[in-house]
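Read the structure below first, then the notes.
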Amino acid sequence: MTKNKTEMTEIISFDENDGSKILFGQQNANLKAIAQHLDIKISSRSGEVTLIGQEDRVKFAIKSLNQFYGLVLKQFPLKPSDVIRGLKILDEKPNIDLTKIFLDNIIISTATKRKVVAKTYNQKLYVDAIRDHDLVFSIGPAGTGKTYLAMAMAVSALLNKECKRIILTRPAVEAGERLGFLPGDIEEKVNPYLRPLYDALYDIVSTEKAMYWMQNNVIEVAPLAFMRGRTLNNSFIILDEAQNTTNEQMKMFLTRLGFGSKAVVTGDITQIDLPISQSSGLVNSTRLLENVKGISVCRFSDTDVVRHPLVQRIVKAYEQYEGQDK
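Quick note: the sequence shown uses numbering that gives the first Met the number 0, first residue 0, plus one each step.
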């Protein structure tokens, strides 16, 4: 936001019988969140709100309150965390309609009973891209929802009979370890590498349901090397940690896509663990395919981090540090 030093006082009113209490929050918690985030003063009496502060911030707060009120009128249970999320989205995209983001339920988690929704503007673009394209690349730092939202969309597609199975895969190259040198059978070897995918799955559906699907091959988990020679029809495929694929591996994976299938490829190009002599298949494929019809490339930044607020600051600090070294 621009910094306009001119101060102003504005008073706006909302219908007390039509959601103003929910809009203001319990003990004005939602209004306090707005005031703190924008560094302005806000007070309320009955359905009336008084705002005092820098002109640009007060005007932004009024615009935001009207958007939040629209959500409340559509029975959205507005909380302070939603307010902060909405303010960040509106700061980035002032003309966005928050109802299109907040009310777009991807799926209701059977494990936690909460709705899975996009939490940032870029996450909304990502979800829409998956709906509209058969192949989506998702690039960005940790905590931006790349893997989690892909899993939510996959489970939703499975439950809606838009696909017959989910296939989860990723390369296994971290710390120089290769599958052949690790103890156990193939499932025991690959499971540690696929932990983020399992975590997302178990947060969306119950452990019992997930285990049933895996035991009946509705969900298949396999290392990327095992994709060679296959044609994957009627499947929702997630390739995670794709920054660690070689060019050959990425080409092999992308050409496995069969009829009625959709693939999401996720990765963080700042966390490439390949030898220096090898280039990342994710980096090269997005450069080559970004403008190909039917393919979408979604990019996230530190502003899309939805973990602990400290994670966002850590990511930003590393980005600044690494930018200085270039």
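Here a beta-carbon is modelled for each residue, glycine too, at the ideal position from N, C-alpha and C.
Note that the coordinates shown come from a computational prediction; the quantities given were computed from them, not determined experimentally.
Practice item. Count the other C-beta atoms from every protein chain shown that fall within 10 angstroms of the C-beta of Gly175, then say buried if there are 16 or more, exposed otherwise. Key: As a first step, residue 175 must be located in the sequence shown, where it is residue number 176. Low confidence applies here, because Gly175 scores a pLDDT of 44, under 50, leaving its location unreliable; read the following figure in that light. Gly175 comes out exposed.
Practice item. Give a yes or no on whether the C-beta atoms belonging to Thr230 and Arg194 are separated by under 8 Å. Key: Here the question's residue 230 lines up with position 231 in the sequence shown. Here the question's residue 194 lines up with position 195 in the sequence shown. In this structure, Arg194 does not lie closer than 8 Å to Thr230 by Cβ.
Point to revise | Asn246 to Gln277 span [Cα, whole Å] | key: Residue mapping note: residue 246 aligns to position 247 of the sequence shown, counting from 1. Residue mapping note: residue 277 aligns to position 278 of the sequence shown, counting from 1. If you take the alpha carbons of Asn246 and Gln277, they lie about 8 Å apart.
Review point. What's the call for Ser42, buried or exposed, on a 16-neighbour Cβ count within 10 Å?
Key: Here residue 42 corresponds to residue number 43 of the sequence shown, with the count starting at 1. The residue in question, Ser42, is exposed, as its Cβ has fewer than 16 Cβ neighbours within 10 Å.
Check your understanding: Just the Cα atoms here: how many angstroms apart are Pro191 and Lys99?
Key -> Within the sequence shown, residue 191 is the residue found at index 192, counting from 1. Within the sequence shown, residue 99 is the residue found at index 100, counting from 1. Going from the Cα of Pro191 to the Cα of Lys99 covers about 37 Å.
Check your understanding: Do you know offhand how far Lys118's Cα is from Asp131's?
Key -> The sequence position of residue 118 within the sequence shown is 119, counting from 1. The sequence position of residue 131 within the sequence shown is 132, counting from 1. If you take the alpha carbons of Lys118 and Asp131, they lie about 19 Å apart.
Review point. Roughly how many angstroms lie between the CA atoms of Thr168 and Ser137, to the nearest whole one?
Key: As a first step, residue 168 must be located in the sequence shown, where it is residue number 169. As a first step, residue 137 must be located in the sequence shown, where it is residue number 138. Distance between the alpha carbons of Thr168 and Ser137 is about 15 Å.
Practice item. Determine, using beta carbons only, whether Pro140 and Asp239 come nearer to each other than 8 Å. Key: As a first step, residue 140 is located in the sequence shown; it is residue number 141 there, counting from the start. As a first step, residue 239 is located in the sequence shown; it is residue number 240 there, counting from the start. The answer is no: Cβ separation not under 8 Å.
Point to revise | Counted within 10 angstroms of its Cβ, other Cβ atoms place Val291 as buried (16 or more) or exposed | key: Start at 1 with the first residue of the sequence shown, and residue 291 comes out as number 292. Per the 10 Å Cβ criterion, exposed.
Review point. Going by the beta-carbon positions, is the gap between Ile203 and Ala60 smaller than 8 Å?
Key: For the purposes of this step, residue 203 is identified with residue 204 of the sequence shown, where counting begins at 1. For the purposes of this step, residue 60 is identified with residue 61 of the sequence shown, where counting begins at 1. No. Outside cutoff.
Practice item. Please determine if the segment 214–222 and the segment 160–167 are in contact, where contact requires at least 3 C-beta pairs separated by less than 8 Å. Key: yes
Check your understanding: Are Leu148 and Val126 closer than 8 Å when you measure CB to CB?
Key -> The residue given as residue 148 occupies position 149 in the sequence shown. The residue given as residue 126 occupies position 127 in the sequence shown. In this structure, Val126 lies closer than 8 Å to Leu148 by Cβ.
Review point. Any idea what DSSP makes of Glu289, helix, strand or coil?
Key: Here residue 289 refers to the residue found at position 290 of the sequence shown. If DSSP states are grouped into helix, strand and coil, Glu289 belongs with coil.
Exercise for review: Measuring alpha carbon to alpha carbon, tell me which of Gly24, Arg286, Leu134, Asn121 ends up nearest Asp81.
Suggested key: Start at 1 with the first residue of the sequence shown, and residue 81 comes out as number 82. Checked all of Gly24, Arg286, Leu134, Asn121; the closest Cα to Asp81 is Gly24.
**Study point:** Alpha carbon of Ile83 to alpha carbon of Phe67, nearest angstrom
**Key:** Mapped onto the sequence shown, residue 83 falls at position 84. Mapped onto the sequence shown, residue 67 falls at position 68. Computed Cα separation, rounded: 11 Å.
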